[in-house]
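Step one of this worksheet: look at the structure below.
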Amino acid sequence: DTGVSQNPRHKITKRGQNVTFRCDPISEHNRLYWYRQTLGQGPEFLTYFQNEAQLEKSRLLSDRFSAERPKGSFSTLEIQRTEQGDSAMYLCASSLALGQGSLSPLHFGNGTRLTVT
Amino acid sequence: QQPVQSPQAVILREGEDAVINCSSSKALYSVHWYRQKHGEAPVFLMILLKGGEQKGHDKISASFNEKKQQSSLYLTASQLSYSGTYFCGTAADSGYSTLTFGKGTMLLVSP
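Protein sequences, first through last, are from chains A and B.
For the first sequence, the residue numbers in the numbering used here are 2 to 118.
For the second sequence, the residue numbers in the numbering used here are 5 to 115.
Written as structure tokens, this is what we have:
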């Protein structure tokens, strides 16, 4: 178990640029989540996948955000035309959900810190 | 609906006890507890199900009061390693696939 891996650890970009983050979950986990965390706040749900299917997206998620999980393995999160308000820590988590999803612990990665200037 | 955590921050001396509460206005099925140290990922502590279950993990335990829709995390004889921010995450039913996290409670244990 090598844990959840996220790359890059830090990303600084100028407003209007596109950025892409990568998450490699624990290999046997079937669910993968993206969360966003800002200073002094808890993780905020963005979207999640079960295998390769994206099953839920937050209603708060802008159309500028898109996520993929091809082949049900790693996932990418892309933010287009970044804005200063996108500056945050983007956390990826995975879990092995068998039946009752709400009973499965989340294993978080160390996150990608995005700074939009 | 985001759960409400209290207190926002706690400062303890090593060996003292603390209680962190997590309340929801909605009926809950499960409550997760996580601890996050500065600059690190949140780490899973435990899950509680409705039914007033109490669980323990070393000197950290938790309970779930279904009537009050509240969970409490108990840290007994705190150690320096307990320092960090504690988050509760709630789920409304058994099939609910996403957690809604509170804003966190910062715990600082000093020598």
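Note that beta-carbon positions come from the ideal geometry of N, C-alpha and C, so glycine has one too.
Judged by DSSP secondary structure, Thr-14 (chain A) falls within the beta strand (DSSP E) whose first and last residues are 11 to 14. Shortest Cα-Cα distance from Asp-25 (chain A) to any of A:Leu-92, A:Asp-64, A:Leu-47 involves A:Leu-92. Cβ proximity to chain A below 8 Å picks out nothing from the stretch 63 to 90 of chain B. Ser-114 (chain B) has its alpha-carbon roughly 14 Å from the corresponding atom of Thr-80 (chain B). Contact fails between the stretch 14 to 24 of chain B and the stretch 70 to 84 of chain A, because fewer than three Cβ pairs, one in each stretch, are under 8 Å apart. Residue contact with chain A for Pro-46 (chain B): present (Cβ-Cβ distance below 8 Å to some residue of chain A). At the C-beta level, Leu-97 (chain A) and Val-20 (chain A) stay beyond 8 Å of one another.
Close to Ser-101 (chain B), with beta-carbon spacing below 8 Å, are these residues of chain A in chain order: Arg-32, Tyr-49, Gln-51, Leu-56, Glu-57, Ala-98, Gly-102, Ser-103. Counting only unbroken stretches of 4 or more residues, no alpha helix (DSSP H) element lies wholly within the stretch 37 to 105 of chain A. Taking 8 Å as the CB threshold, Ile-51 (chain B) lines the interface with chain A.
DSSP lists B:His-36, B:Phe-105 as the bridge partner or partners of Gly-93 (chain B). Annotation for Ser-75 (chain B): the continuous beta strand (DSSP E) segment containing it runs 74 to 79. Distance from the CA atom of Gln-81 (chain A) to the CA atom of Phe-22 (chain A), rounded to whole angstroms, is 12 Å. The beta-carbon separation of Val-35 (chain B) and Cys-92 (chain B), rounded to 6 Å, stays under the 8 Å limit for a contact.
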